[in-house]
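Residue numbers for the sequence shown follow the numbering used here, beginning at 453 and rising by one. Using N, Cα and C, we set each Cβ at its ideal position, and we do this for glycine too. Taking it in order: structure first as structure tokens, then the write-up.
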Amino acid sequence: MSLLHRPPVITQVNPTRLRHILSAIRGDKLALFALLIFTFYCLVALLAPLLSPYDVTSTGFLDLMNAELPPYWQGGDSRFLLGTDTQGRDLVSVILYGTRLSLTIGVCAVLIQVFLGVCIGLLSGYIGGRLDTFLMRCADIQLSFSTMMVAIVVLAVFQAMFGNAAYQQLAMLMLILVLGIAEWPIFARTIRACVLAEKEKEYVDAARVMGVSKLRIMFRHILPNTVSPILVILTIQIANAIVAEAALSFLGLGMPPTQPSLGALISSGFNYLFSGAWWISVFPSITLILLIFVMNLLGDWLRDHLNPQTTRG
């Protein structure tokens, strides 16, 4: 059959591929453990208002008379299983809501990275020419700046210009935008490399001959074949975004004390770490470390499993 009469071959993200991944992960105990723990974190984040022993939005939640109470098994109040923080808040409740905030910021920031990176990578790789050169030089400039440095400068300038009160109201949105815009080149360069390999294949040539538009070729035909590297980078970047948010909160440029993320909780208890109130910082730290650990495990497993050379070997 000639090229003129050959229908374009479209590789879709179908349920068979998903079932294959789920079947493979069931055979790897470490990856299955990581997936279960991450699922648990997601459920906790979604159901935080139902699982939390106390309503963190109520006026009576903050009680300085209960500040720095130790965990229950160390002689603390039976109402507070993990003790209380410096503001008298139940540590279990603030950790549940802190996990929810940290995951929300990490996921939303990475979704912005994916959107910008995929669009720019597809255009750069498929169109090529001067547009490719311009977009990749922009990516190089963006990558030359540290994400933390950019975030610190932008957030500090925003606080100085609009005041601390305005920043506290928009802190979550600002963190999502800064972390999302700062690292789009990671996705863009990866997608561009995949597009350069895919656009020379026969099914793309066939689609061009049949008069399919460039946008349809890019998003309908080529994009589904780049899902594997996107999934790998996605898991790792969510972990990186959560760590970056925690670091910024620790430096006082993240979430305000009234909306504590895991990083803000660690920061608030750091000064009390060696004065006896170790639980204020230790329990949120363990929560954050375990979350980052399981996400990195999932990212490594996806990288190994979705790598064609590793799979064939």
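Exposed unless 16 or more other CB atoms sit within 10 angstroms - verdict on L651:
According to the sequence displayed, residue 651 carries Lys and not Leu. K651 comes out buried.
Measuring straight from C-alpha to C-alpha, what distance separates V695 and E654?
Going by the C-alpha atoms only, they are around 42 Å apart.
Please report the straight-line C-alpha distance between G581 and I564, rounded to a whole angstrom.
26 Å
For T536, the residue or residues it bridges with in DSSP:
D542
Between P681, I718, V684, L498, which has its C-alpha nearest F697's C-alpha?
In the sequence under discussion, the amino acid at residue 697 is Glu, which differs from the Phe named in the question. The option with the nearest alpha carbon to E697 is I718.
Hey, how far is the Cα of T599 from the Cα of S530?
43 Å
Can you round the beta-carbon distance between I669 and A658 to whole angstroms, since I take them to be within the 8 Å contact cut?
In fact, because the Cβ distance is near 10 Å, the residues do not count as touching under 8 Å.
Residue of L742, I489, F702, I685 minimising C-alpha distance to L754:
I685
Candidates P522, I557, T536: which alpha carbon is nearest L516's?
T536
So, at 8 Å on beta carbons, what are the nonlocal neighbours of A519 in its own chain, with the 5 sequence-adjacent residues on each side left out?
T536, D537, T538, Q539, G540
V559: which of N616, Y506, M624 sits nearest, CA to CA?
M624
Could you pull out every residue in the same chain whose Cβ sits closer than 8 Å to the Cβ of F671, ignoring the five residues on either side in sequence?
A distance below 8 Å between beta-carbons, with the five flanking residues on each side excluded, links F671 to the following residues of its chain, in chain order: L574.
DSSP-derived helix/strand/coil call for A699:
helix
Per-residue DSSP class, three states only, for V602
helix
Bounding residues of the alpha helix (DSSP H) (the contiguous stretch that carries E654)
654–661
Residues in the same chain with beta-carbon distance under 6 Å from A693, minus the five sequence neighbours each way, listed in chain order, please.
G558, A561, V562, L631
Runs of 4 residues minimum, wholly inside the stretch 476–563: which ones carry the alpha helix (DSSP H) assignment?
481–498, 500–503
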